[in-house]
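K.L.:
There are 2 protein chains.
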Amino acid sequence: MKVYRANILYTPTPEELVILPHGYISVRSNGIIEGVYADKPENTDWRQVIDFGDRLLIPAFNDLHVHAPQYRNLGLALDLELLPWLNTYTFPEEMKYRDSDYATRIYRRFVHELWMQGTMRSAVFATVHPEATRILADLFVQSGMGAYVGLVGMNRNCPEKLSNTTEEVLNGMLMLREHLAEHGNNGMVQPIVTPRFVPSCSEEMLTALGHYAAETGMPVQSHLSENRSEIDWVKQLEPDSTCYGDAYNRYGLFGQTPTLMAHCCYTDGEEMELMRKNGVFVVHCPTSNSNLSSGMAPIRKFLNAGINVALGTDVSAGHHMSMLRVMQCAIQVSKLNYAQTHGQMQFLSLSEVFYLATKSGGSFFGKVGSFESGYEFDALVVDDSYLNYDNFTLPQRLERYIYLGDDRDIKRRFCRGVELPEPVL
Amino acid sequence: MKVYRANILYTPTPEELVILPHGYISVRSNGIIEGVYADKPENTDWRQVIDFGDRLLIPAFNDLHVHAPQYRNLGLALDLELLPWLNTYTFPEEMKYRDSDYATRIYRRFVHELWMQGTMRSAVFATVHPEATRILADLFVQSGMGAYVGLVGMNRNCPEKLSNTTEEVLNGMLMLREHLAEHGNNGMVQPIVTPRFVPSCSEEMLTALGHYAAETGMPVQSHLSENRSEIDWVKQLEPDSTCYGDAYNRYGLFGQTPTLMAHCCYTDGEEMELMRKNGVFVVHCPTSNSNLSSGMAPIRKFLNAGINVALGTDVSAGHHMSMLRVMQCAIQVSKLNYAQTHGQMQFLSLSEVFYLATKSGGSFFGKVGSFESGYEFDALVVDDSYLNYDNFTLPQRLERYIYLGDDRDIKRRFCRGVELPEPVL
């Protein structure tokens, strides 16, 4: 048992920010939180307490949509919309991952930066290359961070060199699954079924991936209703589907197992109802949706409907690996939407986006993202002393850290109870 | 004469990014640029050359709209729209500046952070307090940075304690003007006529400030068409004005001397034509316009019409002092606008926002913001080596610095040819 002392802040619900000034949190040796306390728990010896002083202790961040092989394009190539952006910048970069040396070099930086930014769990797209994907998974294992790692399936409307067959993706997933069953750091790193998106996957591939998910119980991640041209294209490609979401649903890739759908800028009506009914997560990627001129996802509507919502950087369409930036942008975009709708769509609050980045996203990984009893201890120790020059309150300190802070401020990182050292670059 | 060598990048026009890999720039002892050169200029001894190696050398940033006394509220209090935000959070904070000790303490931090973020020139709102405003001006003088510092005039619809009379604001401006004529670091720090905005200023005050500007030739700064409720209110307050801009124009506060108008989210038609005709600057504050749910300013329309546009952080409605964040957000908002208008309003390019943040904003201060011959040498030396791990081109390195960089990367700062040391905090 370990007992930590710090200024503890977390959100058990979207509206409730729990604040324990110089509070305590006790963590079992298996990394599970026993309890949080305003005062030193009884039977705790002072010598047992690890004191972080006046620092903030918050749940670590969870990034539910990110493309590891696009890491080298970070901060670049943001002058096109989705479909030409894929063809012009993204597919050529992803092709490089046939080369395992290149993959090792860039994936090392990617995993290092997740650590740096305090993102302890992520749902990651790799590429079609099984060897590079295994390398990425191994780097996660070495880092101690949690991840779902997806070998991408794509066999149409893409360069031949970035295409795999249904057989190849099934074999690749089988290998990755077996590898991680043995070497996956006790389930911290797991595979996830990853059809790129409907336009890239034939009926045969979608069918096979749906069956595979059903058979194995593996979760699913993909893209949905990101951009108007993409949606029109899906209508042409899948004329029998009643909406884009239905094109996943009919193949068993829409909540039959836990499912993440990134973007959903134009999700409405039937598609929205299907997501709600099937418990599909909207992964909101506001930086990406701005950078690629995709649009403003109606997150308030999704929350009101009781749909699961998490946040994603969507690097490299998102231009930054920090979840702080995503939280800021999520609020800003919701406010522009509020202005556009003359106040009809209430904007997101700070505690809501903090909840989305921690507990809501974390729920995809189990009991992760909160400091309630029974949760895995994923936490960041934040030194905001340079921001705290004038007796700010703890909620103000959290707000200022979210708006003004960066990786420099994170002094210690815990994942499932273990303090993680800086990964080798 | 000094000669600097580095990777030189600047934008003489919005579309043209000039790139000189390991180029040279020669600066006269008065701080004026003699020339930029791809190769070492003739008659230059190697021993004369100050070599910044592989670093980037770019024009320093110019922030054309920022409220110094709101610095303590940075990253806080962003859950209301403009008018309640002013009454609830901003006016109470500005009242504290009656206390010169408080003003000294916070203004010191404000000026320090401008330096840190590489913003070498700014147009600043102070408060109604003459003593605190002089303190701010003196801190700018000590720092070596350039600024227009505005004693704020406001005498209606505001707390009595944050109100001054027309006589007080005229006297205060006279004192500040005389003080800076003598102690203003050779014109680097100058006063600017600063009516807060129409709702805060009586007809008498606006008339007097217009006369004062005409008499002295002093420039003017204020707010315009930021928020729908504000615009409706101005219509009620100034029923004879044909538009919000006309309410300034009829008092001689709309381009009769050089004029900055922040926001302009809803500027159109007559108001836009008046700005064009009078050469009034739109100061685009996209982070603020998002944070206060104000809306999306149609910057492409302004640029197409030939209106002057600069960028502002508008701290603390803007949540960050870095002009990098403002540039990122300007592009993002323009892309959301592009999506909303189904592509009618072309989004801003990287070179355009860089131009706005450097040469366009700088033009308000004279020949500032470019590296052309005859310009004042305002420059930043940027070490992006941690971002440049894989042979990125120089335009890519600039783009990555703008999207991913921060204050850590700025290694040296020059203003009018002088390297500025870190101000005392």
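If you read the protein sequences in the order shown, they are chains A and B.
So the first sequence is numbered by the numbering used here: it starts at 2 and just counts up by one.
So the second sequence is numbered by the numbering used here: it starts at 2 and just counts up by one.
The beta-carbon is built from N, C-alpha and C at its ideal position, and this holds for glycine as well.
Note that this is a predicted model, so its numbers are computed, not measured.
(1) Does the Cβ of Q191/B have 16 or more other Cβ atoms within 10 Å, making it buried, or fewer, making it exposed?
(2) Just to confirm the assignment, what range does the alpha helix (DSSP H) spanning N63/A have?
(3) For A148/B, which residues in the same chain have their Cβ closer than 8 Å to its Cβ, ignoring the five residues on either side in sequence?
(4) Using the DSSP secondary-structure output, state which residues sit across from G147/B in a beta bridge.
(5) If I follow the unbroken alpha helix (DSSP H) through H180/B, where does it start and stop?
(6) Could you work out which residue in P22/B, Y5/B and L175/B is closest to G32/B when comparing CA atoms only?
(7) Which residue wins for smallest C-alpha separation from T243/A, given the options I20/A, S230/A, H224/A and E271/A?
(8) Give a yes or no on whether 8 Å exceeds the smallest Cβ distance from K336/B to chain A.
(9) What are the residues in the region 62 to 95 of chain A lying within 9 Å of chain B by C-beta distance?
(10) Where do the N-terminal and C-terminal ends of the alpha helix (DSSP H) with H113/B fall, by residue?
(11) Check whether the Cβ of M297/B lies closer than 8 Å to any Cβ atom in chain A.
(12) If you follow the alpha helix (DSSP H) that C330/B is part of, which residue opens it and which one closes it?
(13) Are the Cβ atoms of A331/A and V316/A separated by less than 8 Å?
(14) Compare the C-beta of L405/A against all C-beta atoms of chain B and say whether one is closer than 8 Å.
(15) For the beta strand (DSSP E) containing A214/A, name the first residue and the last one.
(16) For a test of the three-state rule: what should DSSP assign to F348/B, helix, strand or coil?
(17) Counting along the chain, where does the beta strand (DSSP E) carrying A311/B start and finish?
(18) Using a C-beta cutoff of 8 Å, does Y339/A count as contacting chain B?
(19) Hey, Y11/A and P70/A: beta-carbon distance below 8 Å or not?
(20) Going along the chain, which residues of its own chain have a beta-carbon closer than 8 Å to the beta-carbon of R109/B, five neighbours each way excluded?
(21) Which residues bound the beta strand (DSSP E) around A380/A?
(22) Does the structure place the region 266 to 280 of chain B close enough to the region 290 to 309 of chain B that three or more beta carbon pairs sit under 8 Å?
(23) Please list the terminal residues of the continuous beta strand (DSSP E) segment that includes Y245/A.
(24) Less than 8 Å separating the beta-carbons of G418/B and E377/B?
(25) How many angstroms separate the CA atom of L388/B from the CA atom of Q237/B?
(26) Is the shortest distance between the beta-carbon of R110/B and the beta-carbons of chain A less than 8 Å?
(27) Can the beta-carbon of P131/B be found less than 8 Å from the beta-carbon of L163/B?
(28) Between the region 273 to 298 of chain B and chain A, which residues of the former have CB atoms less than 7 Å from a CB of the latter, in chain order?
(29) Along chain A, in chain order, which residues have C-beta atoms closer than 9 Å to that of S350/B?
(30) At a Cβ threshold of 8 Å, is Q222/A touching chain B?
(31) Rounding to the nearest angstrom, what Cα-Cα distance links N8/A and F53/A in this structure?
(32) Per the DSSP calculation, E420/B is bridged to which residue(s)?
(33) Mind checking R48/B: buried by the 16 CB within 10 Å criterion, or exposed?
(34) Within the same chain, show all residues whose beta-carbon is closer than 6 Å to that of R78/B, passing over the 5 residues directly before and after it, in chain order.
(35) Who are the neighbours of Y390/B on chain A, taking C-beta pairs under 8 Å?
(36) Just curious, the beta strand (DSSP E) that G370/B is in, first and last residue?
P.N.:
Looking at the coordinates:
(1) buried
(2) Looking at the DSSP string, N63/A is not in any alpha helix (DSSP H); the run it does join, the beta strand (DSSP E), is F62 to H68.
(3) R122, S123, A124, V125, A138, F141, M189, V190 and Q191
(4) R122/B
(5) T167 to H184
(6) Y5/B
(7) E271/A
(8) yes
(9) R73, L75, G76, L77, A78, L79, D80 and E82
(10) S101 to M117
(11) yes
(12) M324 to Q341
(13) no
(14) yes
(15) Premise fails: A214/A lies in the alpha helix (DSSP H), E204 to T217, not in any beta strand (DSSP E).
(16) coil
(17) V310 to L312
(18) yes
(19) no
(20) L140, P424, V425 and L426
(21) A380 to V383
(22) yes
(23) Per DSSP, Y245/A belongs to no beta strand (DSSP E); it is in the alpha helix (DSSP H), Y245 to N250.
(24) yes
(25) 53 Å
(26) yes
(27) no
(28) S291, N292, S294, S295, G296 and M297
(29) D80
(30) no
(31) 8 Å
(32) F415/B
(33) exposed
(34) Looking at the sequence itself, residue 78/B is Ala, so the reference to Arg does not match. Y90, listed in sequence order.
(35) R110
(36) That residue, G370/B, is in no beta strand (DSSP E); it is neither H nor E in DSSP.
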